[in-house]
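Trainee: My questions will all concern the structure given below.
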Amino acid sequence: MKCFERLVKNMICSTLPSSFDPFQFAYRTNRSREDTITNLLHSTLTHLEEGKGNYVRMLFIDFSSAFNTIIPLKLVTKMKALGLNSTLCHWILDFLTNRSQVVRVGGLTSDILTINTGAPQGCVLSPLLYNIYTHDCKASSSHTSIIKFADDTVVMGLISNNNEQAYLDQVEEVAQWCQSNSLTLNVSKTKEMVVDYRRQRVSSYTPLMISGQPVERVPSFKYLGVHITEDLTWTVNTQYVLKKSRQRLFFLRQLRKFKVSSSVLKAFYTSAIESVLTGSIITWYGNSTVRDCSTLQRVVRSAERTIRTPLPALQDIYPRRVLSRAQKILKDSSHPGNGLLKPLG
């Protein structure tokens, strides 16, 4: 079945129009978490640089079981609106409805339950169908932006002259969109962060309410594995990466005690430690302080002493990753970051 799903997925992807939401970065060719964070940071910094009185409000939305609440009939309607083949749409409707589900514990089996909502977990098609279902949740103003990575959604308000109305209206529109599309917005886990570099910051911003509930404002937020702070510095993220990598460094030393070969130790380092140190590195390393970079490099040197072999330095990995990513974006005219890059020579 998964092989057939892949065929259907390729058919859908090949017929999606160019108007399909470019700011949905998940489950799409040549898109990544790093692209999502980079786009968010670029929009923020660009707006802050455009005017001394500018600031940015970010709403990090949390959905409850987003994939499980998709309404198949609404999904098919949206697929047809995108110009997808009607026969294919009917097949998707049949695929998502009248599914049987049972629970077995030991020798006991529950009654059969018929499922007519949601996209099955683990299916090849489910992520793409979710993207289609949410593609019409877009920014309605040039002063706002909606950036998505699957169900990790950020509503950005690009505020000038203390005029927050477009942002407040956008948040209300998103809340209404969620209600009309049967997506549950978890207000208690939804957080807001304000990036404001003005010397005379307002004592309080317009309180944000969703469905009558206040949204908590936080000084930092972990988004897609990266800690973003209200002052856009990276010490908090560095400490998080440092703690996580040191925990895994302990296991590297334990493996050394068992006289594991250097090649195996290096493989463990690359997969379990370097992957942590370089996670989304192109989004934060370039703006990290010398002290933060040195702190993380000490983990690499410690691993070198344990493995007794040279390892790539973070300051060498970073430019290679940036260059590789830039080359891929330049080759993709549909990428939101394509217009920001110009080839040299």
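All letters in the sequence shown, in the order written, are residues 111 to 455 by my numbering. Virtual Cβ for every residue (Gly too), placed ideally from N, Cα, C.
1) Can you give me the C-alpha to C-alpha distance between R358 and D261, rounded to a whole angstrom?
2) Report all residues from its chain with a CB closer than 6 Å to the CB of I320; omit the five preceding and five following residues, and keep chain order.
3) Would you list, in sequence order, the uninterrupted beta strand (DSSP E) runs of no fewer than 3 residues that lie entirely inside the segment 147 to 176?
4) What does P324 pair with, by DSSP beta-bridge criteria?
5) Closer than 7 Å by C-beta to D402: which residues in its own chain qualify, once you throw out the five before and the five after it? Chain order, please.
6) Report yes or no: do the segment 132 to 141 and the segment 265 to 276 share at least 3 C-beta pairs separated by less than 8 Å?
7) For the pair the segment 365 to 380 and the segment 415 to 433, tell me if three or more CB-CB distances fall below 8 Å.
8) Does the segment 384 to 404 touch the segment 136 to 152, meaning 3 or more C-beta pairs lie closer than 8 Å?
9) Let me know the secondary structure DSSP gives Y333 once reduced to three states.
10) Quick one: is the Cβ of F360 within less than 7 Å of any heavy atom of the ligand GDP?
11) I'd like to check one pair, L183 with I242: are the Cβ atoms closer than 8 Å?
12) Tell me the rounded alpha-carbon separation between L198 and G449.
13) Can you tell me whether T263 is helix, strand or coil according to DSSP?
14) Kindly confirm or deny that the segment 165 to 183 and the segment 217 to 227 touch, where touching means at least three C-beta pairs closer than 8 Å.
15) Do you know how far the Cα of P453 is from the Cα of L440?
16) Return the bridge partner residues of L239 from the DSSP annotation.
17) Per DSSP, what kind of secondary structure is R141 in: helix, strand or coil?
18) Quick one: Cα of N220 to Cα of V304, how far?
19) Within 8 Å, do at least three Cβ pairs link the segment 201 to 220 to the segment 153 to 170?
20) Beta-carbon within less than 6 Å of G267's beta-carbon, same chain only, minus the 5 sequence neighbours each way: which residues are those?
21) Check S210 in the structure and name its three-state DSSP category.
22) Report buried or exposed for A176, applying the criterion of at least 16 other Cβ atoms within 10 angstroms of its Cβ.
23) Sorted by chain position, which residues of the same chain lie with C-beta nearer than 7 Å to T339's C-beta, five sequence neighbours on each side aside?
24) Evaluate M189 with the Cβ neighbour count: other Cβ atoms within 10 Å of its Cβ, from every protein chain shown; 16 or more gives buried, anything less gives exposed.
25) My parser needs the alpha helix (DSSP H) runs of 4 or more residues fully inside the segment 358 to 421; what are they?
26) Could you tell me the boundaries of the alpha helix (DSSP H) in which V432 lies?
27) Out of S251, R431, N397, E384, point me to the one whose CA is closest to R408's CA.
28) For M189, which of helix, strand or coil comes out of DSSP?
29) Determine the DSSP secondary structure at T219, reduced to helix, strand or coil.
30) Which term fits S162, buried or exposed, when burial requires 16 or more other beta carbons within 10 angstroms of its beta carbon?
Mentor: So, to answer that:
1) What you label residue 358 is simply residue 248 of the sequence shown in a count that begins at 1. What you label residue 261 is simply residue 151 of the sequence shown in a count that begins at 1. In this structure, the CA atom of R358 is about 29 Å from the CA atom of D261.
2) On the sequence shown, residue 320 is found 210 positions in, with the first residue counted as 1. Within the same chain, I320 has close Cβ partners A285, V297.
3) 165 to 171
4) For the purposes of this step, residue 324 is taken as the residue at position 214 of the sequence shown. Listed as beta-bridge partners of P324 by DSSP are M319.
5) What you label residue 402 is simply residue 292 of the sequence shown in a count that begins at 1. The residues are W344, T345, T348.
6) Touching, no.
7) yes
8) yes
9) Walking along the sequence shown from the start, residue 333 turns up at place 223. In the structure shown, Y333 sits in a strand (DSSP, three-state: E or B).
10) Of the ligands one can find in the structure shown there are none, so the ligand GDP has no counterpart to examine.
11) Mapped onto the sequence shown, residue 242 falls at position 132. Mapped onto the sequence shown, residue 183 falls at position 73. Not in contact: I242 and L183 (Cβ atoms no closer than 8 Å).
12) Translated into the one-based positions of the sequence shown, residue 198 becomes position 88. Translated into the one-based positions of the sequence shown, residue 449 becomes position 339. The straight-line gap from Cα to Cα measures roughly 34 Å.
13) Within the sequence shown, numbered from 1, the residue matching residue 263 stands at position 153. Strand at T263.
14) yes
15) For the purposes of this step, residue 440 is taken as the residue at position 330 of the sequence shown. For the purposes of this step, residue 453 is taken as the residue at position 343 of the sequence shown. Between L440 and P453, the C-alpha separation is close to 8 Å.
16) One-based indexing of the sequence shown puts residue 239 at position 129. Paired residues: none, contrary to the question.
17) Counting from 1 along the sequence shown, the entry for residue 141 is found at position 31. R141 falls in the coil class under three-state DSSP.
18) One-based indexing of the sequence shown puts residue 220 at position 110. One-based indexing of the sequence shown puts residue 304 at position 194. It is worth fixing the name first, because residue 220 is Ser in this sequence and not Asn. So the alpha carbons of these two residues sit roughly 49 Å apart.
19) No contact exists between the segment 153 to 170 and the segment 201 to 220.
20) Here residue 267 refers to the residue found at position 157 when the sequence shown is read from its first residue. Non-local C-beta neighbours of G267 in its own chain, meaning closer than 6 Å and more than five positions away in sequence, comprise R167, T254, Y277, ordered along the chain.
21) The residue given as residue 210 occupies position 100 in the sequence shown. Strand.
22) As a position in the sequence shown, residue 176 is number 66, starting the count at 1. Under this definition A176 is a buried residue.
23) The residue you call residue 339 lines up with position 229 of the sequence shown. Excluding residues within five positions, the ones whose Cβ falls inside 7 Å are P329, S330, V346.
24) One-based indexing of the sequence shown puts residue 189 at position 79. With a 10 Å radius around the Cβ and a threshold of 16 neighbouring Cβ atoms, M189 comes out buried.
25) 372 to 378, 391 to 394, 400 to 417
26) Taking the sequence shown and counting its residues from 1, the one referred to as residue 432 is at position 322. Here the alpha helix (DSSP H) through V432 covers 424 to 440.
27) The residue given as residue 408 occupies position 298 in the sequence shown. Answer by Cα proximity: E384.
28) Residue mapping note: residue 189 aligns to position 79 of the sequence shown, counting from 1. Assigned with DSSP and collapsed to three states, M189 falls in helix.
29) Walking along the sequence shown from the start, residue 219 turns up at place 109. Here T219 sits in strand by DSSP.
30) Along the sequence shown, read from residue 1 onward, the residue named residue 162 stands at position 52. The question names Ser, but residue 162 is Lys in the sequence shown. Answer is exposed; the Cβ neighbour count stays below 16.
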